[in-house]
Amino acid sequence: MIGSSELEALGDKLQTTLVDLMRCREREARYRHESQTLLGGVATLADAKTLEQVLESLIQVLKPFIGFEHADVVAWEGERGSTHLSTEPMRAARSWHMTPAFARAIAGETLVIYDPSQLPELAPLASEPGWASVMLTGLQAPGFTATLICRHARAGTFDLTSKAAMERCRPLIAQALVNITYRARLQEQVAVKTEALQASERRFRSFAAMASDWFWETDAEHRLSYASEPGYLDELTPQAIRPTLYDYVCNKQSCEAQQYLRLLEQRQPVRGVRMQVALLDGPCWMEVSAEPCFDHEGLFTGYRGTARDISSQIRREEELARARDEAEAANRAKSQFLAMMTHEIRSPMNAVLGMLDLVQHAELAPEQQSLLRHATHSARLLQTIIDDVLDFSKIESQTLVFHCETLQPVQLCQSLVEPLQARATAKGIALVYRVDESVPLELQGDPMRLSQVMGNLLDNALKFTEQGQVTLHLGWQDEKLRISVSDTGIGIAGADQARLFEPFSQVDNSATRRFSGTGLGLAISKRLVALMGGEIHLKSEPGKGSCFWFELSDMALPCHCQPLREESVATLLPLDVLVVEDSPVNQLVVSLMLQKLVGKVRLAANGLEALAQVDEQRPDLILMDMRMPLMDGLEATRRLRELGCTMPIVALTANAMAEDKACCLAQGMDDFLAKPITLSRLRECLQRHFGQRLPTRG
């Protein structure tokens with residue numbers, strides 16, 4: 046039996062359980078109400094389109110949930126803040142200063158202020174209506190930092206329960222702020238993209254209206270479904286019998302038309318295919334471009350493209366091609382004429398100068414000697430003009446050939462300065478040269494063309510200098526040869542320096558009358574230096590003189606290609622050299638040179654004899670002329686290579702054009718020597734191919 050005391054205990058427990066159950070139901074009801082309120086708030090926030098609307102909606106959602114009378118949103122910029130939004134409009138724009146309480150709220154805490162008068166930041170407001178109870182929490186979003194101040198006129202309104210309710214609402218607050226921020230950014234991007242798309246569409250419509258191109262479209266069978274040019278497509282014509290673009294092509298067997306068909310069959314893009322098509326007003330050249338089109342499932346739907354009338358362009362291209370061919374033919378004819386006339390012009394000039402020189406040694410009256418000096422000067426001037434014109438023509442036609450040889454800088458300067466000393470002395474000018482110790486004793490380059498440039502600069506310096514000094518200086522820095530010619534002459538104004546290097550140009554008319562010359566010297570010098578890999582520079586000032594200078598690289602002799610010294614030449618290289626040359630005179634000249642360098646020299650008059658001699662005994666080196674009777678050098682070289690001969694074959698020819706050299710190398714030759722051949726160039730050729738080593742026969 047259960048006693049009365051036990052029944053009372055059970056009753057108390059039952060009563061307690063019922064109370065707990067009722068409280069649990071109340072909490073569930075409250076949480077259900079909170080959830081419904083929050084869900085309603087989410088729906089309200091979803092309709093908000095601006096930050097202000099989100100803040101207003103948040104306040105409306107939180108007001109019944111938290112139980113505040115008024116709320117303020119203080120937005121912060123650094124340490125300063127202002128009331129961004131308030132349920133009491135008269136409190137908007139109030140200024141605030143950052144304090145620890147505000148900082149804690151921004152950091153994520155929810156603060157319940159039981160006595161606002163105890164906080165310095167709220168003390169001035171504690172006596173005002175509506176500030177008896179305060180709760181703070183932070184609002185954070187990208188680019189926006191704020192504090193939400195919830196307040197009530199009754200003290201003690203906010204407690205730990207209110208704080209817990211606010212904490213439960215913070216995820217909603219944070220998500221709402223993030224959503225509106227990203228929504229604003231998305232709207233901004235959409236607006237920018239929309240404007241760009243509209244601008245692009247307007248631009249395309251404007252271009253399409255002004256363009257002369259056709260715009261066309263086809264179906265999957267390549268029948269035209271759209272053509273912007275009127276008269277070529279009847280909209281009432283059934284699609285099945287509409288024409289294709291290929292139907293308008295005049296020559297359907299042309300390479301271009303067949304290429305167009307192949308691209309269509311492969312469904313490849315069409316890029317600038319030119320075809321002649323039959324239009325309503327006659328044949329016309331069109332340039333067709335198109336892209337294949339596919340639907341969302343990847344099925345081919347046809348082509349979309351343009352057709353441009355290029356008839357005028359084709360005519361211009363044909364005219365330009367004819368003009369180019371005519372110009373090239375004229376240039377070739379000019380070059381051939383000048384090449385043919387070179388000896389015809391120079392030979393009588395050399396004869397005239399030689400006879401004048403002989404007459405100078407005869408006993409003549411003073412008046413006759415004066416006339417003879419004038420005649421000699423005029424003849425030499427005429428020879429210089431002829432040489433300049435011929436050189437300039439070679440440069441213009443790109444037929445000038447450079448010969449790389451060993452040169453001695455000191456001897457080069459001496460050979461230039463010594464012949465000019467008498468002229469300098471007659472004018473009372475000091476003509477000197479200086480070669481720095483850093484300049485190598487021997488260099489590689491074309492001594493004739495280098496002397497031509499240096500001679501032109503020295504000649505100009507002497508011509509335009511009345512007193513003082515002309516200096517030729519050679520220096521060496523950073524593996525480059527620096528050559529300068531300076532004078533104390535009349536100088537050149539800055540405005541005139543730009544056209545100084547133009548062909549047939551001098552500084553001004555007064556200079557033209559005072560100083561003779563064609564105006565080609567500096568133009569030729571500039572182009573020669575450029576062809577050698579340099580650039581002429583000028584520094585000048587009127588009345589103080591001028592300095593012309595340039596730098597040339599790649600002039601140092603390679604370590605493996607140092608020139609054979611005279612003492613080593615005395616010992617002949619044990620080489621067997623075959624000279625294939627049809628001219629007996631040239632055979633004699635080359636063989637005499639080779640006899641100073643190698644142990645054995647053999648001769649052949651044409652390619653057939655060369656093949657026979659090689660079959661009898663293979664030489665170490667072959668010097669092969671290009672033009673010979675019975676079998677030329679190119680054919681002989683090709684056959685030797687087919688027979689497996691690997692010895693060096695060097696072209697030995699008077700054809701010094703660049704295409705001739707390329708042709709020789711293409712046929713299997715290893716090197717190229719342009720006539721006239723010198724002993725030093727022949728020695729360097731041997732050094733290039735054999736160096737100091739003994740060759741192996743093959």
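Numbering-wise (my numbering), the sequence shown opens with residue 46 and increments by one.
Where is the CB? At the ideal position from N, CA and C, for every residue including glycine.
Nothing here was measured: the structure is a model prediction, and the numbers come from that model.
{"query": "Note down the Cα distance separating A198 from T226, rounded to an integer number of angstroms.", "result": "33 Å"}
{"query": "Can you give the Cα-Cα distance for T132 and A116, rounded to whole angstroms?", "result": "6 Å"}
{"query": "Relative to the alpha-carbon of L217, which residue among R312, A120, K379 and L100 has its alpha-carbon at the smallest distance?", "result": "L100"}
{"query": "Compute the Euclidean distance between the alpha carbons of L583 and Q522, then round it to the nearest angstrom.", "result": "19 Å"}
{"query": "Do the CB positions of L642 and L731 come within less than 8 Å of each other?", "result": "yes"}
{"query": "Contact check, I151 vs G183 under 8 Å by CB: the rounded distance?", "result": "4 Å"}
{"query": "Write down the C-beta distance between V530 and L519 rounded to the nearest angstrom, noting that I regard them as a contact closer than 8 Å.", "result": "Wrong, their Cβ atoms sit about 10 Å apart, outside the cutoff."}
{"query": "What residue range does the alpha helix (DSSP H) around Q542 cover?", "result": "G539 to Q542"}
{"query": "Can you list, in chain order, the residues of its chain with a C-beta nearer than 8 Å to that of P174? Leave out the 5 residues immediately preceding and following it.", "result": "A198"}
{"query": "In whole angstroms, what is the alpha-carbon distance linking E611 and L617?", "result": "In this prediction, E611 has a pLDDT of 41, which is less than 50 and means its spatial position is unreliable; nothing more can be read from the coordinates."}
{"query": "Is it true that the segment 484-503 meets the segment 443-456, where meeting means three or more beta-carbon pairs spaced less than 8 Å apart?", "result": "yes"}
{"query": "From the DSSP output, which residues share a beta bridge with K108?", "result": "Answer by DSSP bridge pairing: none, since K108 is not bridged."}
{"query": "Should the segment 472-481 be regarded as contacting the segment 500-517, the criterion being three or more beta carbon pairs within less than 8 Å?", "result": "yes"}
{"query": "Cα separation between I537 and L597?", "result": "25 Å"}
{"query": "Alpha carbons only, please: which of E266, A191, A272 and P283 is nearest the one belonging to L306?", "result": "E266"}
{"query": "In terms of alpha-carbon separation, which member of F437, A568, S270 and E301 lies closest to I286?", "result": "S270"}
{"query": "Relative to the C-alpha of C690, which candidate in L697, Q712, C709 and R663 has its C-alpha closest?", "result": "R663"}
{"query": "So G678 and D670 are in contact, right, with Cβ under 8 Å, and what is the actual spacing, rounded?", "result": "5 Å"}
{"query": "What is the residue span of the beta strand (DSSP E) that E332 lies within?", "result": "G327 to F339"}
{"query": "Which value, in whole angstroms, describes the spacing of the CA atoms of L59 and S49?", "result": "15 Å"}
{"query": "Am I right that V118 and L164 are in contact with their C-beta atoms under 8 Å? What's the rounded C-beta distance?", "result": "The Cβ separation is near 19 Å, so there is no contact."}
{"query": "Please list, in chain order, all residues of the same chain as F546 whose beta carbon is under 6 Å from its beta carbon, the five residues on each side excluded.", "result": "L567, A568 and K571"}
{"query": "Relative to the alpha-carbon of D599, which residue among Q234, C449, V315 and P288 has its alpha-carbon at the smallest distance?", "result": "C449"}
{"query": "Cβ of L576 within 8 Å of Cβ of F447?", "result": "yes"}
{"query": "Determine the extent of the beta strand (DSSP E) in which D30 is found, giving its start and end residues.", "result": "An answer regarding residue 30 cannot be provided, because it is not within the stretch 46 to 743 covered by the chain."}
{"query": "If distances are taken between C-alpha atoms only, which option among Q185, F735, Q243 and A366 comes closest to W121?", "result": "Q185"}
{"query": "Do you know how far the Cα of F593 is from the Cα of V502?", "result": "Reading off the sequence shown, one finds Leu at residue 502, where the question assumed Val. So the alpha carbons of these two residues sit roughly 7 Å apart."}
{"query": "In terms of DSSP beta bridges, what is D117 paired with?", "result": "S131 and I194"}
{"query": "To which residues of the same chain is N296 closer than 7 Å at the C-beta, ignoring the five residues directly before and after it?", "result": "A302 and Q321"}
{"query": "Check whether the Cβ of E246 lies closer than 8 Å to any Cβ atom in chain B.", "result": "Absent from the structure is chain B; it holds one protein chain and no more."}
{"query": "Pick from W330, G317, P283 and F260: whose alpha carbon is nearest that of K293?", "result": "Per the sequence shown, residue 293 should be read as Tyr rather than Lys. Cα-wise, what sits closest to Y293 is W330."}
{"query": "For my contact list, V646 and Q640 are in at a C-beta cut-off of 8 Å; report their separation, rounded to the angstrom.", "result": "6 Å"}
{"query": "So, for F189: in the same chain, excluding its five sequence neighbours on each side, which residues have a beta-carbon less than 8 Å away from its beta-carbon?", "result": "L96, A120, L222 and T226"}
{"query": "List the DSSP bridge partners of D716.", "result": "V695"}
{"query": "Please state the DSSP three-state secondary structure of Q428.", "result": "helix"}
{"query": "Measuring alpha carbon to alpha carbon, tell me which of H341, G590, L324 and G347 ends up nearest L308.", "result": "G347"}
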